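Q: For reference, the structure I am asking about is given below.
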Amino acid sequence: MIYEDYYIFTPGPVKMSDEILAIGAKQTPYFRNKKFSEVTFNCEKGLLEMVNAPEGSRVIFLTASGTAGMESAVINLLTKEDKALVVNGGGFGGRFVDICKTHSIPHTNFMVEDTNLNNIEELAPKDSYTSLIVNAHETSVGHLYDINTMGTYAKKHNLFFIVDAISMLVTDPIDMSSQNIDVIIASSQKGLALPPGLTMVILSPKAINRVQDIDNLYFNFKDYLKNGERGQTPYTPAVTIMLQLEARLAQIKRRGGVEQSIRRAKDISEYFRASIKDLPLKFYTPYMPNAMTTLTPTDGKSAMEIVDGLEKRYKVMVCPNGGDKRDIIFRVSHMGEMTKAYVDVLIDAMYDFYKIERR
Ligand SMILES: *Cc1c(COP(=O)(O)O)cnc(C)c1O
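In our numbering, the protein residues as written are 1028 to 1386.
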């Protein structure tokens, strides 16, 4: 198996727990029955509870990666009559821009750097918009936006607020009700720490009312909402990942709820950040999520060289960046089944790589 005995610090797929892995080893059951409908209902209920969704919210379960959640949300919920303000602070924001372009949804590419948008009122273009779209954690650079302030802004300007929370769910706080969020997009392989293949679009009652008739069969939300009433999906779901999601949500609850998971991720990220302060690395952004740390070498070393060295010499997987940031930054995920002992393997490897003694 590739990477089976490696230490995993990549921002998706992330380190999974033994309990979740064990479910993946079992026979996939038949699903067009009451037993599996119960699983779907449990997943829906658990997710809605986790993000504090308003009464009457629903979840669309799609067998696809997270980008399909992003694209399907746009095509089902926005029209050519809309005008979307799309926050673009990196690769995933750029993807929302591409999605709007592909589907001819009027939009502004709101390029953002060096701010978490806690000053969005000053920075946003003064045009009139109908919708605000953001990736709460821009995973390509490890930048967390101020969703609280953005939600207040969205409410004030009556903007339909779509939040991709894929890489901050379970590690960083999000609250659909108090932050005025209309749509949350989730995906299995990041904070939820499951295998890739399942994406979830959480719709508030306002979003449900906005669902359009669209020229698309597989991603038609109306079909999913109708089938979902009896705990089913129009087409074969990622059955095993749904079973793993049900177990994962129960696991989060058993361990003290999502607040506890967030505290744990905060604790792990702070431990990691404090432990590497003797290394020639600096933080790429002051707006770091608990989910991830993005680092820039300060000694002229290429980031790629560090990523390769850690993988080849220590079986430790951190994440390189592509394009123009290839040599400038690399990313360390704190999502998934992390303990201080596990993170110590990475920290020790980093000190050994630099031939600096860990204090
Ligand atoms: C990983 C990720 C996605 C989804 O990417 P896929 O490869 O399609 O699963 C979307 N948004 C963010 C912020 C992500 O981190």
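All C-beta atoms in this analysis are idealised placements derived from N, C-alpha and C, irrespective of residue type, glycine included.
As the structure is a prediction and not an experimental result, all values here were calculated from the model.
Check residue 1327 in the structure and name its three-state DSSP category.
A: Looking at residue 1327 - three-state DSSP - the assignment turns out to be coil, as it is neither helix nor strand.
Q: Have a look at residue 1376 and residue 1303 and give me their C-alpha separation to the nearest angstrom.
A: Straight-line Cα distance between these residues: approximately 11 angstroms.
Q: Is residue 1199 near ligand 1 - that is, is its Cβ less than 7 angstroms away from at least one heavy atom of it?
A: Answer for residue 1199: no, Cβ out of range of ligand 1.
Q: In the DSSP output, which residue or residues are listed as bridge partners for residue 1089?
A: Paired residues: 1226.
Q: Is it the case that the CB of residue 1224 approaches a heavy atom of ligand 1 more closely than 7 angstroms?
A: Checking the Cβ of residue 1224 against ligand 1 gives no.
Q: Let me check you understand the geometry: is the CB of residue 1097 closer than 7 angstroms to at least one non-hydrogen atom of ligand 1?
A: It does: the Cβ of residue 1097 is within 7 angstroms (strictly closer) of some heavy atom of ligand 1.
Q: Nearest CA to the CA of residue 1386: which residue from 1305, 1174, 1075, 1110?
A: Ranking 1305, 1174, 1075, 1110 by Cα distance to residue 1386 puts 1305 first.
Q: Please determine, among 1204, 1105, 1164, 1197, the residue with the shortest C-alpha to C-alpha distance to residue 1156.
A: The option with the nearest alpha carbon to residue 1156 is 1105.
Q: Quick one: Cα of residue 1373 to Cα of residue 1345, how far?
A: So the alpha carbons of these two residues sit roughly 9 angstroms apart.
Q: To test your reading of the DSSP string, which unbroken alpha helix (DSSP H) runs of 4 or more residues are found completely within the segment 1283–1315?
A: For the segment 1283–1315, whole alpha helix (DSSP H) runs of length 4 or above, ordered along the chain, are 1284–1302.
Q: Go ahead and label residue 1270 buried or exposed: buried means 16 or more other beta carbons lie within 10 angstroms of its beta carbon, across all protein chains shown.
A: So residue 1270 counts as buried.
Q: Please specify which runs of the alpha helix (DSSP H), each continuous and at least 4 residues long, are wholly inside the segment 1053–1124, giving them in chain order.
A: Counting only runs of 4 or more, we get 1061–1077, 1093–1104.
Q: Check each candidate in 1212, 1188, 1194, 1196 and name the one with the smallest Cα separation from residue 1206.
A: Minimum Cα distance to residue 1206 is reached at 1188.
Q: Just grab the DSSP bridge partners of residue 1363 for me.
A: The partner list for residue 1363 (beta bridge, DSSP) reads 1042.
Q: On a CA-only basis, which of 1260, 1044, 1055 is nearest residue 1067? Give me that one, please.
A: Selected option, being the one with the closest Cα: 1260.
Q: What beta strand (DSSP E) runs, 3 residues minimum, are completely inside the segment 1115–1182?
A: Complete beta strand (DSSP E) runs here, min 3: 1134–1138, 1158–1162.
Q: With distances taken Cα to Cα, identify the nearest neighbour of residue 1243 among 1103, 1048, 1064.
A: The shortest Cα separation from residue 1243 among 1103, 1048, 1064 belongs to 1103.
Q: Take the Cβ of residue 1129 as the centre, count every other Cβ of all protein chains shown within 10 Å, and call the residue buried at 16 or more, exposed below.
A: By the 10 Å Cβ count, residue 1129 comes out exposed.
Q: Quick one: Cα of residue 1173 to Cα of residue 1100, how far?
A: Distance between the alpha carbons of residue 1173 and residue 1100: 21 angstroms.
Q: Looking only at its chain, what residues have a beta carbon closer than 8 angstroms to the beta carbon of residue 1081, apart from the 5 residues adjacent to it on each side?
A: Once the five neighbours on either side are set aside, the close Cβ partners of residue 1081 are 1203, 1204, 1231, 1232.
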